[in-house]
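Down below is the structure, laid out as structure tokens.
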Amino acid sequence: MTASFDLFADSPEEQRVALGPQAVVLRQKASPLAAELVARIEDVLQHSPLYQMATPGGKPLSVRTTSCGTHGWSSDPTGYSYVRHHPLTDQAWPEIPAAWSALATEAAQEAGFAQFAPDTCLINQYGLDSKMALHQDRSEQDLRQPVVSISLGMSALFLWGGMQRSDKPAHVLLHHGDMVVWGGVDRLRFHGIKHLTGAPHPQLGAMRYNLTLRRAR
DNA sequence: TAGTCGCG
DNA sequence: CGAC
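According to this note's numbering, the first sequence is numbered sequentially starting from -17.
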């Protein structure tokens, strides 16, 4: 079931936007918390450098990616999977910053998913030319566990689709500090990012980071 | 097939 | 929106 209209997040007082029975956008009022989240990105990237992945068919992704947690999401010629080591450094992924996992657990709770304990966080860095085609998150072992996505930096146009790739997606503008949580009947909804929009971010410049916290195992 | 193209 |  796809929304028949576009959702535009232009009212700052709006805290929650329902995307489905078990999917919601949570917007933070102020951003001291978001600033703290941003500060931890630098820590993680220092030990876990961004790199460019490609689809199993060999098409490069337009985002740069890295991970933290016990597992990291990976795409390579053999398919999508979770791996325990950074493919370039061969080192174990750094720990998920406590501020990130605590916030993800809290957001999941808010969305109706109790005791969410992420073991992986995918970090996607978007530039002005980056986008993400419609896809499903389905490499996780237990699909009863939700997905928590945190937006930082420039705003972006989020595509919220249906259970089939051809379903027409709703458009949702995501801003710095916004979180999207989805699970249950909405867990396999197709989603993507059309493009960045608005002004460069004061701290991050013409960049957006998306933190996707999941339970891989 | 987490990308991109070609057709309408 | 199907096809690769």
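Every residue gets a Cβ at the ideal spot worked out from N, C-alpha and C, and that includes glycine.
Note that the coordinates shown come from a computational prediction; the quantities given were computed from them, not determined experimentally.
Item to complete: Return the chain-ordered list of same chain residues with a C-beta closer than 7 Å to the C-beta of Gly135, the five sequence neighbours on each side being excluded.
Response: Same-chain partners within the cutoff: His158, His183, Leu186, Met189, Arg190, Tyr191.
Practice prompt. Please state if the CB of Ile78 and the CB of Gly51 are separated by a distance shorter than 8 Å.
Written response: In this structure, Gly51 sits near Ile78, with a CB-CB distance shorter than 8 Å.
Item to complete: Report the residue ranges of all alpha helix (DSSP H) runs contained in full by the segment 68 to 103; include only those spanning at least 4 residues, in chain order.
Response: For the segment 68 to 103, whole alpha helix (DSSP H) runs of length 4 or above, ordered along the chain, are 80 to 92.
Item to complete: Report the three-state DSSP secondary structure of Leu193 (helix, strand or coil).
Response: Assigned with DSSP and collapsed to three states, Leu193 falls in strand.
Worksheet item: Using the rule of at least 16 other Cβ atoms within 10 Å of the residue's Cβ for burial, across every protein chain shown, is Asp119 buried or exposed?
Response: The residue in question, Asp119, is buried, as its Cβ has 16 or more Cβ neighbours within 10 Å.
Worksheet item: Can the beta-carbon of Val163 be found less than 8 Å from the beta-carbon of Ala0?
Response: No. Outside cutoff.
Discussion item. Checking 8 Å against the spacing of the C-beta atoms, do Leu156 and Ser121 come in under that value?
Written reply: Not in contact: Leu156 and Ser121 (Cβ atoms no closer than 8 Å).
Fill in: CB contact flag (His173, Leu116, <8 Å)
Here His173 is near Leu116, since their CB atoms are less than 8 Å apart.
Worksheet item: Does DSSP put Arg126 in a helix, in a strand, or in coil?
Response: Three-state DSSP puts Arg126 in coil, outside helix and strand.
Practice prompt. Return the residue from the list Leu139, Leu15, Gly94 that minimises the CA-CA distance to Trp82.
Written response: Out of Leu139, Leu15, Gly94, Leu15 has the C-alpha closest to the C-alpha of Trp82.
Discussion item. If contacts are defined as beta-carbon pairs under 8 Å, then Asp160 and Val7 qualify, I think. What distance do you get, rounded to the angstrom?
Written reply: Under the criterion of beta carbons closer than 8 Å, Asp160 and Val7 qualify as touching, at roughly 6 Å.
Discussion item. Tell me the DSSP secondary structure of Arg22 in three-state form.
Written reply: Three-state DSSP puts Arg22 in a helix.
Worksheet item: For the beta strand (DSSP E) that contains Phe172, what are its first and last residues?
Response: Phe172 -> no beta strand (DSSP E), and no H or E assigned at all.
Worksheet item: Given a threshold of 16 other Cβ atoms within 10 Å of its Cβ, counted over all protein chains shown, does Ala198 qualify as buried or as exposed?
Response: Buried is the call here.
Worksheet item: With contact counted as at least three CB pairs below 8 Å, one residue from each stretch, are the segment 92 to 99 and the segment 47 to 63 in contact?
Response: Judged by pairs of C-beta atoms under 8 Å, the segment 92 to 99 does not touch the segment 47 to 63, as fewer than three such pairs exist.
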